[in-house]
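Quick note on UniProt numbering: the sequence shown kicks off at 1 and runs consecutively.
The C-beta atom is built at its ideal place from N, Cα and C for all residues, glycine as well.
Since we're looking at a predicted model, the values are computed, not measured.
Written out below as structure tokens is the structure these notes cover.
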Amino acid sequence: MLVTLEVVTTVVVGLMVGVEFSVAFIMNRILDALPEDSRQLGHAHGGRMLGTLMPFWYVGSLVLSAVWAVAGWQHDGAGLVVTAAGLLIVSVVMSVLLLVPINNRNKTWTPDNRPADWKQQLRRWGRYHYVRVAVIIAAFTLLVTALT
Numbered sequence: 001m002l003v004t005l006e007v008v009t010t011v012v013v014g015l016m017v018g019v020e021f022s023v024a025f026i027m028n029r030i031l032d033a034l035p036e037d038s039r040q041l042g043h044a045h046g047g048r049m050l051g052t053l054m055p056f057w058y059v060g061s062l063v064l065s066a067v068w069a070v071a072g073w074q075h076d077g078a079g080l081v082v083t084a085a086g087l088l089i090v091s092v093v094m095s096v097l098l099l100v101p102i103n104n105r106n107k108t109w110t111p112d113n114r115p116a117d118w119k120q121q122l123r124r125w126g127r128y129h130y131v132r133v134a135v136i137i138a139a140f141t142l143l144v145t146a147l148t
């Protein structure tokens with residue numbers, strides 16, 4: 001049962017990392033290359049879509065990691081899993097405090113109602129997102145290492 005939990009947790013976190021990496025290094029660059037109105041509308045649509053899904057994915061990843069840490073406490077690699085869970089906590093806190101407020105504004109914007117500083121707000125979101133991606137990559141790396 002522990003092996004199944006380890007594999008499921010690693011796959012779930014790995015897929016989350018892949019999605020967030022893609023957003024940071026592929027999707028945002030594609031959207032930023034579009035004309036201004038299309039760019040902003042694309043970011044808003046992405047914010048609505050992923051803003052609905054990602055909270056469950058982040059919290060689910062954290063819960064799975066915490067369950068693994070408890071269930072595997074007596075096994076090798078438990079410290080790595082605990083550290084990974086700690087990093088996932090950091091990613092959730094970062095999301096709630098830094099990224100979600102910007103995303104909640106962004107997902108309601110249209111070319112008619114967006115604020116004058118919308119580009120700066122999206123750049124700020126992007127900077128925070130890069131840090132969050134680094135944090136979840138570190139967590140994923142620790143989980144993979146704990147498998148060995």
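Bounding residues of the alpha helix (DSSP H) (the contiguous stretch that carries residue i)
i              : result
glycine 60     : 36-71
methionine 94  : 78-94
tryptophan 118 : 118-147
proline 101    : 100-106
Counted within 10 angstroms of its Cβ, other Cβ atoms place residue i as buried (16 or more) or exposed
i             : result
alanine 116   : exposed
arginine 48   : exposed
glutamine 40  : buried
alanine 139   : buried
threonine 148 : exposed
leucine 99    : buried
serine 95     : buried
CB contact check: residue i to chain C, cutoff 8 Å
i            : result
arginine 127 : Reference to chain C is not applicable here, since this structure consists of a single protein chain.
Three-state secondary structure (DSSP) of residue i
i            : result
alanine 24   : helix
methionine 1 : coil
arginine 29  : helix
threonine 9  : helix
Short Cβ contact (8 Å threshold) for residue i with residue j
i            : j              : result
valine 90    : valine 135     : yes
methionine 1 : tryptophan 57  : no
alanine 146  : glycine 60     : no
arginine 123 : isoleucine 102 : no
leucine 143  : valine 81      : yes
alanine 44   : asparagine 104 : no
valine 13    : leucine 50     : no
leucine 53   : glycine 42     : no
glutamate 20 : valine 92      : no
Are the stretch 66-74 and the stretch 123-135 touching by the rule of at least three beta carbon pairs closer than 8 Å? no
contact_flag[the stretch 77-90, the stretch 21-37] where n(CB pairs < 8 Å) is 3 or more: no
For the stretch 99-110 against the stretch 73-81, do three or more pairs of beta-carbon atoms, one drawn from each stretch, fall closer than 8 Å, so that the two count as touching? no
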